[in-house]
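Read in the UniProt record's numbering, the sequence shown has 320 at position 320, and its numbers run on one by one without any break. For reference, the structure discussed in these notes is given below.
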Amino acid sequence: MDPRSEVLLRQADLFQGPLLIAGAAADGLLGQLPHAHAWTWHAGDQALLEQRFTGRSHYGVEVPQVPFDAAVLFLPKSRDLAAYLLNALASRLGGRELYLVGEKRGGIEGAAKQLQAFGKPRKLDSARHCQLWQVTVDNALEAKPLESLAERFELALEDGPLQVVSLPGVFSHGRLDRGTALLLQHLEQLPVGHVLDFGCGAGVLGATIKRRYPQSNVTLLDVDAFAVAASRLTLAANGLQGEVISGDGIDAAPDNLTVILSNPPFHTGVHTDYQAAENLLRKSSKILQKGGEIRLVANSFLRYQPLLHEALGNCEIRAEADGFRIYRATRG
Numbered sequence: 001m002d003p004r005s006e007v008l009l010r011q012a013d014l015f016q017g018p019l020l021i022a023g024a025a026a027d028g029l030l031g032q033l034p035h036a037h038a039w040t041w042h043a044g045d046q047a048l049l050e051q052r053f054t055g056r057s058h059y060g061v062e063v064p065q066v067p068f069d070a071a072v073l074f075l076p077k078s079r080d081l082a083a084y085l086l087n088a089l090a091s092r093l094g095g096r097e098l099y100l101v102g103e104k105r106g107g108i109e110g111a112a113k114q115l116q117a118f119g120k121p122r123k124l125d126s127a128r129h130c131q132l133w134q135v136t137v138d139n140a141l142e143a144k145p146l147e148s149l150a151e152r153f154e155l156a157l158e159d160g161p162l163q164v165v166s167l168p169g170v171f172s173h174g175r176l177d178r179g180t181a182l183l184l185q186h187l188e189q190l191p192v193g194h195v196l197d198f199g200c201g202a203g204v205l206g207a208t209i210k211r212r213y214p215q216s217n218v219t220l221l222d223v224d225a226f227a228v229a230a231s232r233l234t235l236a237a238n239g240l241q242g243e244v245i246s247g248d249g250i251d252a253a254p255d256n257l258t259v260i261l262s263n264p265p266f267h268t269g270v271h272t273d274y275q276a277a278e279n280l281l282r283k284s285s286k287i288l289q290k291g292g293e294i295r296l297v298a299n300s301f302l303r304y305q306p307l308l309h310e311a312l313g314n315c316e317i318r319a320e321a322d323g324f325r326i327y328r329a330t331r332g
């Protein structure tokens, strides 16, 4: 069980009534708290929780419309996202209890100061390298619309400026990361067809490809509901059409693809996690059509080239700069 869930169960008497657990881990916590519901923005966690606790887990970027007398937030990595989530939860909890739980190395002590906006926070427990904080919501601020927290910036590309809309919690929020910037310089001579932007984030790659190759169909895929929402906003801001879907990894992608583009993630919260990227590389041959190609950017220290060789029988390094490499491989 997730150590944050274990800390909650040490104080289980506090959580026996209607409870919303925001950012809940995909473990057995709901089985120990029969009146609790989960809210998650991670498609993989949602699938696991729904399988085990049908109807008690809710996926999306807005507070689910279920009754609750108290709420717990599992601290996310992003401080901006934590602020949005705390505000959204507190707006439903005037005079009632809001809890925050997180790992010490995830910055729980600093994040607990964000509770001061709603009342006087106090630490209830410290165990399993985690802390549990509580505040009675004396100041129930009106919930801020998510889109009002968007960061908008413009990219100067060869074929004109691209408007990017990023949301709290999305990778490289409010700016273009160096890896994607390098990949944007190496999108020439892609075959026209069905293109997948895997781990789309705010939709920079997908939107760029749709504008540069308008005859291609573009699908943008991410595990995170906030990234899915941001990608839709980015496409709309540029008057572009594309399919944006949520799903846990490459298994959620359509088949018979012409191109896969990606700056694949290798973190889950504060933890390193190569599974999504490695699954993408290993299964690329199964979802690419004959002659299709995968082109991706990755930190130079990541050993992706042997995985692509194994999956597709070839791999070349197209460019290398600023600690990143561009890889290209084709299905024969």
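Note that the Cβ used here is the ideal one computed from N, Cα and C, for glycine as well. Predicted model only: the values in this text are computed from it and were never measured.
Please classify THR54 as buried or exposed, where buried requires at least 16 neighbouring CB atoms within 10 angstroms. exposed
Can you list, in chain order, the residues of its chain whose CB lies under 7 angstroms from that of GLN114, leaving out five sequence neighbours each side? ALA82, ALA83, LEU86
If you draw a straight line from the C-alpha of ILE326 to the C-alpha of CYS130, how long is it? 38 angstroms
Runs of alpha helix (DSSP H) lying entirely within the region 189-247, each at least 4 residues, in chain order: 204-212, 225-237
Can you give me the Cβ contacts of LYS283 inside the same chain, cut-off strictly under 6 angstroms, excluding the 5 residues immediately before and after it? Its chain contains ILE250 as the residues whose beta carbon lies nearer than 6 angstroms to that of LYS283, once the 5 sequence neighbours on both sides are disregarded; these appear in chain order.
Measure the alpha-carbon distance for ALA237 versus SER172 and round it to whole angstroms. 19 angstroms
Contact between the region 122-138 and the region 31-38 (3+ Cβ pairs under 8 angstroms): no
Between the C-alpha atoms of TRP39 and GLU103, what's the straight-line distance to the nearest angstrom? C-alpha separation (whole angstroms): 19 angstroms.
For LYS123, list the residues DSSP reports as bridge partners. Partner(s): TRP133.
Below 8 angstroms between beta carbons: does that hold for ALA277 and PRO265? Contact annotation: ALA277 and PRO265 have beta-carbon atoms nearer than 8 angstroms.
On a Cα-Cα basis, can you pick out the residue from ALA319, ALA329, VAL297 that is closest to SER285? ALA329
Go ahead and label PHE68 buried or exposed: buried means 16 or more other beta carbons lie within 10 angstroms of its beta carbon, across all protein chains shown. buried
Could you check if VAL66 is buried or exposed, using at least 16 other CB atoms within 10 Å of its CB as the buried criterion? exposed
Can you give the Cα-Cα distance for GLY119 and PHE74, rounded to whole angstroms? Going by the C-alpha atoms only, they are around 19 angstroms apart.
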